[in-house]
Each structure stands twice: as structure tokens, then as C-alpha cells.
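Enquirer:
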Amino acid sequence: MPLFVLGIALLVGFFLLGKAFVNADPKSLAQGLKYSGVVIAVVVVVFLAVTGRLATAMAVGAFAFPLFLRWRSLLNRIKAAAGPSEGQSSTVETDHLRMRLDHDSGRMGGEVLRGPFRGRELDDLSLTELLALLEECQTSDSRSATILEAYLDRVRPENWRPAGGGPNGRTEEGEASRGGGGAMTRNEAYEVLGLEPGASAGEIKDAHRRLMLKMHPDQGGSTYLAAKINQAKDLLLRS
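In my numbering, the protein residues as written are 95 to 333.
#1: Note down the Cα distance separating R332 from I298, rounded to an integer number of angstroms.
#2: Expressed to the nearest angstrom, what Euclidean distance is found between the alpha-carbon atoms of G260 and G296?
#3: With distances taken from CA atoms, which of Y284, A321, R208 is nearest L221?
#4: Check for me: the beta strand (DSSP E) holding D196 runs from which residue to which?
#5: Using a Cβ-Cβ cut-off of 8 Å (strictly less than) and excluding sequence neighbours within five positions of R212, which residues of its own chain qualify?
#6: Given a threshold of 16 other Cβ atoms within 10 Å of its Cβ, counted over all protein chains shown, does L329 qualify as buried or as exposed?
#7: What's the call for L307, buried or exposed, on a 16-neighbour Cβ count within 10 Å?
#8: Using beta carbons (cut-off 8 Å, strictly below), is A301 in contact with chain C?
#9: Helix, strand or coil: how does DSSP classify V186 here?
#10: Under 7 Å from any heavy atom of the ligand FAD, does the C-beta of R194 make it?
#11: First and last residue of the alpha helix (DSSP H) that includes E282?
#12: To the nearest angstrom, how far is the alpha carbon of A289 from that of R194?
#13: L228 and A239: beta carbons closer than 8 Å?
#14: According to DSSP, V249 sits in a beta bridge with which residue or residues?
#15: Tell me whether G203 sits in a helix, a strand or coil according to DSSP, three-state version.
#16: Quick check on this structure: which residue in R280, L242, A293, E230 has the alpha carbon closest to the alpha carbon of T319?
#17: DSSP three-state call for A320: helix, strand or coil?
#18: Could you tell me the distance, in whole angstroms, from the CA atom of V186 to the CA atom of Y245?
#19: Indicate the three-state DSSP secondary structure (helix, strand or coil) for E290 in the structure shown.
#20: Does the separation of the CB atoms of Q325 and M278 fall below 8 Å?
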């Protein structure tokens, strides 16, 4: 009699699960099936153990194991049909940076954790400021430097490496000795000064003055970056 009642309960349970399977959203269904399977397994094992049918429980376990494998395969197919979950992101933290990667869009962003740009978002930094941060990381935090280079490759692939002296990063002394590197385009010059194309001469001079106060070697800045800032100003004011 107890086994008959258990069989009826299982049939009703499978009927309800089948109905839910037809109507449910695939993502919700995958999670529901997972928990339902665990609950059913626990109920069956406890029932058989309490009624003293341990041998029957072992036989049921041997019979149920292949069904479990099929159940697991079904869950995997449902998850595949549901597609990637939305709203997921990864966060990586180093000494200098807290980086975020959005799984859906592939967009990368981050916050500066230490140094002169502490508390600022990378998206809010000008190219000159990003290169200054990169130089600081290359000096003391190679992991942050690698991540920041990946960020620059993603958000500024056209112009940060020319501004940084080549595909392997900057060679500060060699570039500075040539007055800040090779030819610079007007767009790159605007990027270096953190200005929009078409900025007035006054805006160019103000940006140059403001950046030199931060980046001049006498203020603890970079000889290379100071040369790039001067080069950008000269190019934009020349025509």
C-alpha cells in the first residue's frame, strides 16, 4: 500500500512537471527542474529508509542513476536553449584599478584606486591622463599595466599606441629625445590635450597650461608626456 501511494504521488508529480515544462520559460524551467529533482530524490530515499526498505532503496538508486544522467542532459539542453544569462559582468581588482567587463555588450570600464587619478573613471580620463596612468602602472604594477593596455586597445585602438611609441608601449627616453615621437595627426593632438576637434586657440592654450602643471618633469611628471603635450599644442596652433 505505501508503495502504491508513492507511485500515485510520483505520477501526479511528473504530470505537473510535464505541464510546467510545456508552459514555462526555459531559464526558469532549468532552475525549477534542478530543485524539483533534488526534492523528489530526497523524498523517495527518506520514505524507503523509514519503511525499512533499504534494499529496495538501493535497487531504486541503481535504477534511478541512468534517469539522473538523462535528467542532467535535459537540463543542459534547456540551458543551451535559454542562451547566455543577461546582466552578468566580471570585476577584476589590482593595486591601481578596479576593472569591469559587461558580458552582454563586451564593454570594459574601470575605476582608478590609487595615484593622482584616484576615484576617477577611466572613461572620464583624457588620452594624456590615461598614458600618464599607464606609465605609473608600468613602473610599479605590471598587472595593472597589462589590463590598462587591454582597455586602451579596446576603447582607443586607433591612436593610443602611436601616442605611446609603438606596439610594445612607450620607449620614453628614445621618444622624448626626438621631441615626443613621430608625426602626430590633428585628431591625435586633440586627444592628447583632451579637447574636441575645432577647439579655439584659447582653449588649446588653456588645456596645454593645465596639463603642463601636472605633467611637467619639474612637477614630477613625465618627460615623454610633456613633449607630447607640447607637440600637440604646436601642431594645433600652427594652422
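Where a beta carbon is used, it is the ideal one built from N, C-alpha and C, also for glycine.
All values reported here derive from a predicted model rather than from experimental measurement.
Expert: Walking through what the data contain:
#1: Here residue 332 corresponds to residue number 238 of the sequence shown, with the count starting at 1. Here residue 298 corresponds to residue number 204 of the sequence shown, with the count starting at 1. Those two C-alpha atoms are separated by around 11 Å.
#2: Here residue 260 refers to the residue found at position 166 when the sequence shown is read from its first residue. Here residue 296 refers to the residue found at position 202 when the sequence shown is read from its first residue. Note that G260 scores a pLDDT of 43, beneath 50, so its modelled location is shaky; the value from the coordinates is reported in the next line. Straight-line Cα distance between these residues: approximately 31 Å.
#3: Translated into the one-based positions of the sequence shown, residue 221 becomes position 127. Among Y284, A321, R208, the Cα nearest to that of L221 is on Y284.
#4: Here residue 196 corresponds to residue number 102 of the sequence shown, with the count starting at 1. Counting along the chain, the beta strand (DSSP E) containing D196 begins and ends at 191-196.
#5: Taking the sequence shown and counting its residues from 1, the one referred to as residue 212 is at position 118. Within the same chain, R212 has close Cβ partners V206.
#6: Translated into positions along the sequence shown, residue 329 becomes position 235. Buried, since its Cβ has 16 or more Cβ neighbours within 10 Å.
#7: Along the sequence shown, read from residue 1 onward, the residue named residue 307 stands at position 213. With a threshold of 16 other beta carbon atoms within 10 Å, L307 falls short and is exposed.
#8: No chain C appears in this structure, which consists of one protein chain only.
#9: Stepping through the sequence shown from its first residue, residue 186 is reached at position 92. Strand at V186.
#10: This structure does not include the ligand FAD; it has no bound ligands of any sort.
#11: Along the sequence shown, one-based indexing puts residue 282 at 188. Residues 280-287.
#12: Position 195 of the sequence shown, counted from the start, is the residue given in the question as residue 289. Position 100 of the sequence shown, counted from the start, is the residue given in the question as residue 194. The question names Ala, yet the displayed sequence has Leu at residue 289. Using only the alpha carbons, I get a separation of about 26 Å.
#13: Locating residue 228 in the sequence shown gives position 134, counting from the first residue. Locating residue 239 in the sequence shown gives position 145, counting from the first residue. Yes; because the gap between Cβ atoms is below 8 Å, this pair is in contact.
#14: For this step, residue 249 is matched to residue 155 along the sequence shown. According to DSSP, which records beta bridges pairwise, V249 is partnered with nothing at all.
#15: Within the sequence shown, the letter at position 109 stands for residue 203. Looking at G203 - three-state DSSP - the assignment turns out to be strand.
#16: In the sequence shown, residue 319 corresponds to position 225, counting from 1. This sequence places Leu at residue 319; Thr is not what is there. Residue E230 is the option with its Cα nearest to L319.
#17: In the sequence shown, the residue the question calls residue 320 occupies position 226. In this structure, A320 counts as helix in the three-state DSSP scheme.
#18: The residue you call residue 186 lines up with position 92 of the sequence shown. The residue you call residue 245 lines up with position 151 of the sequence shown. About 12 Å.
#19: Within the sequence shown, the letter at position 196 stands for residue 290. Looking at E290 - three-state DSSP - the assignment turns out to be coil, as it is neither helix nor strand.
#20: Reading the sequence shown from its first residue, position 231 is the one you call residue 325. Reading the sequence shown from its first residue, position 184 is the one you call residue 278. Yes, the Cβ-Cβ distance between Q325 and M278 is below 8 Å.
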